[in-house]
Ligand SMILES: [Zn+2]
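Residue numbers (my numbering): -15 to 341.
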């Protein structure tokens, strides 16, 4: 309430026509305020030994308590309680050592299927499909020329859903495969695809995929859903051919919108388990044997696509604030398996950060 009043005093109605998701990035001074707010929050919130934390939380039937998966820290800093329709609610903690944000209690890997019950594939089609495919295209464009032409390169889309990305990949000439946990999504995907094929289960369950030798692996809005990211990334690293790359699109735990909206942040969706920043994704990649990583700042779909209604000076301000704060709402990441991959694909506009393993 107080905040609403203050922002009305400070900004009047000048930014009323700017969509919510962009206001934080274009109102003068707001970035600094949100960053100060965040610093204050993370200093003030209590840090609890895990035994104490476990005592104040109920463990659901499909849940387990975790330590920080990135650094092993057991202490917990409770920060958020996202909730939503049909009564779902969970708790998000911050690792006081490395800053990793994760759901705790988390979901036990063997019960992950419970999150993707029947009907999950429905909202992934229809109107949603066109927007999704546009987002894939814009993300790949940021890392041009890596994804411009498939040239029969072997591609694995991990968490391929109803095959919206595989459809693009086969059009571009990739020799494309997918895996997913939802049986009905796999059926729907294979109906949509002509050359590409998608399979039910984990990569190691499917001989065509377990054979490895992939030039590209893609994780579209999948990273935040992984309950055992280190094990999965070791697998991905093993499935990549020399010179291979891995592309990630995920919500950004460094987002200015998270700093502004806390528990009601759009990245805290029902099925998300862990929330990465450019720092923690670097840790994940370094610990699983990747040689380098590059990031492309994400300015939001309408700015990327050039369809935004924002005035040009506000677009410039938005871009600047995303860059300075590393605070776009999504994160686009290109990971390089080895030195060969860096040599082959490292010529783009982004800086490559070498990962010392
Ligand atoms: Zn940590």
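Each residue gets a CB set at the ideal place from its N, CA and C atoms; glycine is no exception.
Which residues does DSSP list as the beta-bridge partners of residue i?
i	result
residue 201	140 and 230
residue 87	76
residue 224	198
residue 67	73
residue 337	277
residue 124	The partner list for residue 124 (beta bridge, DSSP) is empty, contrary to what the question assumes.
For residue i, I'd like the list of residues in its chain whose CB is within less than 7 Å of its CB, leaving aside the five on either flank, ordered along the chain.
i	result
residue 46	91, 92, 95 and 98
residue 283	302, 303, 306 and 312
residue 65	73, 75 and 247
residue 137	158, 159, 199 and 200
residue 274	221, 319, 320, 321 and 339
residue 177	147, 150, 151 and 154
residue 271	214
residue -5	11
residue 194	187 and 188
residue 343	There is no way to answer for residue 343, as the model of the chain reaches only from -15 to 341.
Just to confirm my understanding: we take residue i, look at its own chain, exclude 5 residues before and 5 after, and list those with CB closer than 6 Å. What are they?
i	result
residue 116	148
residue 140	161, 198 and 201
residue 298	10
residue 227	324, 325 and 328
residue 21	none
residue 196	223
Quick check on DSSP: helix, strand or coil for residue i?
i	result
residue -13	helix
residue 80	coil
residue 62	strand
residue 236	strand
residue 378	The structure shown does not extend to residue 378, since the chain is modelled only from -15 to 341, so the question has no answer here.
residue 256	coil
residue 159	strand
residue 164	strand
residue 320	strand
residue 269	helix
residue 116	helix
Would you verify that the beta carbon of residue i is, or is not, closer than 8 Å to some beta carbon of chain D?
i	result
residue 246	This model lacks chain D altogether; it includes just one protein chain.
Under the rule that 16 or more other beta-carbon atoms within 10 Å means buried, what is residue i, buried or exposed?
i	result
residue 0	exposed
residue 376	Lying before the first or after the last residue shown, residue 376 is absent from the chain, which here runs from -15 to 341.
residue 129	exposed
residue -13	exposed
residue 243	buried
residue 67	exposed
residue 327	exposed
residue 188	exposed
residue 219	buried
residue 179	exposed
residue 4	exposed
residue 132	exposed
residue 182	buried
residue 14	buried
residue 44	exposed
residue 191	exposed
residue 35	exposed
Please return the same chain residues whose Cβ sits closer than 8 Å to the Cβ of residue i, not counting the five positions on each side in sequence.
i	result
residue 185	163 and 165
residue 86	50, 52, 53, 76, 77, 79, 257, 258 and 259
residue 336	276, 277, 278, 320, 326 and 330
residue 55	79, 81, 82, 84 and 267
residue 122	285, 288 and 289
residue 30	61 and 62
Going along the chain, which unbroken runs of the alpha helix (DSSP H) with 4 or more residues stay wholly within the segment 277 to 301? Whole alpha helix (DSSP H) segments, 4+ residues: 285 to 289.
Suppose only complete runs of 3+ residues qualify. What are the beta strand (DSSP E) ranges in the segment 169 to 203, listed by chain order? Taking only runs of at least 3 residues, the beta strand (DSSP E) segments lying wholly in the segment 169 to 203 are 181 to 184.
Completely contained alpha helix (DSSP H) runs for the segment -9 to 53, where each covers 4 or more residues: The qualifying runs are 4 to 10, 14 to 28 and 34 to 40.
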